[in-house]
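Have a look at the structure below before the remarks.
Residue numbers (the numbering used here): 2 to 317.
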């Protein structure tokens, strides 16, 4: 395919791209498509070295993309609607409802899943399904505080691996140990003791019939991507919340809590500086342990833009 043909095909794609419901994609998704195509063509084995946004050879396709973005803005469909963060009262209700109890396989599974998504901002069901029994490490920091952290980066749409992949710092996030009885660190410890040793998958089906003395509380078969995708919906219903949240709401909650607690934006995006790791963990811990001063309120446009930047351009 020549450059001219690629420009023509991109122009046609931008003009005709629609969701499964026949609706136009959002601005962020269309720009994400262009970035994704560029990254694909610049990665092995193609190594084209193209710059689709600035190369004058792609003038016609970029003009079409610009026209589509103008049309989206004029029709009020420029932006996607972000999933709401979990309200403060609902965070407290989750902790008090018993849905995260450590006394049964199902509630233990929900506890661990929720804290992993909240603290490590796990992006999607595919990434969660790829976690293994060796995906987490336990360590002690210089102040002798115990914490759990990721053992590897998540392969995601933004970090697929390969020679040209840029490292992700999501694994640098930490869950610090606290005195809370049902907290994430303790739950993760217990979960790893009770998972089925005959499966390498991290998220496993909980046993319907079990005894607390059993070595394994979980079946050998892993949870499927659809089950993982609906986890927060089921947790919301089990806890009796007045609003049914989705998995994306947990990521939004973490980012808003960090932002409102004064964590710098660059640390929210990377969770990189060691000096901030304990602070980030403690911010989330406090929100789950006791009522705070409005830490999860209606998100401002600035915070919502951070959610969008962190979550990527995925169309909901």
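All C-beta atoms, glycine included, are put in the ideal place defined by N, C-alpha and C. Predicted model, so just to flag it, every value in this text is computed and none were measured.
- Three or more beta-carbon pairs drawn from the region 83 to 98 and the region 240 to 250 are found closer than 8 Å, and the two stretches are therefore classed as touching.
- Only buried fits residue 26, as 16 or more other CB atoms lie within 10 angstroms of its CB.
- With contacts defined as CB atoms closer than 7 Å, residue 253 and residue 86 qualify as a contacting pair.
- Remark: C-beta atoms of residue 197 and residue 211 do not approach each other more closely than 7 Å.
- DSSP, read as helix, strand or coil, puts residue 65 in helix.
- Uninterrupted beta strand (DSSP E) stretches at least 3 residues long and entirely within the region 172 to 217 occur at 175 to 177, 205 to 207, given in chain order.
- Taking C-alpha positions only, residue 144 is separated from residue 11 by approximately 54 Å.
- Residue 285 and residue 255 have their C-alpha atoms some 7 Å from each other.
- The DSSP-derived three-state label of residue 118 is helix.
- In this structure residue 174 touches residue 281 by the C-beta definition: roughly 7 Å separates them, less than 8 Å.
- Straight through space, the alpha carbons of residue 2 and residue 49 are spaced by roughly 12 Å.
- Of the candidates 234, 236, 202, the residue whose Cα lies closest to the Cα of residue 225 is 202.
- Around the beta carbon of residue 106, 16 or more other beta carbons sit within 10 angstroms, so the residue counts as buried.
- Under the DSSP assignment, residue 137 falls in the beta strand (DSSP E) whose first and last residues are 137 to 141.
- Restricting attention to 104, 35, 194, 29, the CA atom closest to the CA of residue 74 is found in 29.
- Here the alpha carbon of residue 77 sits roughly 43 Å from the alpha carbon of residue 184.
- Just so you know, the alpha carbons of residue 238 and residue 98 end up roughly 11 Å apart.
- Minimum Cα-Cα distance from residue 214 among the listed residues 8, 223, 104, 260 corresponds to 104.
- The criterion of a C-beta distance shorter than 7 Å is satisfied by residue 120 and residue 176.
- Residue 15 has its alpha-carbon roughly 11 Å from the corresponding atom of residue 61.
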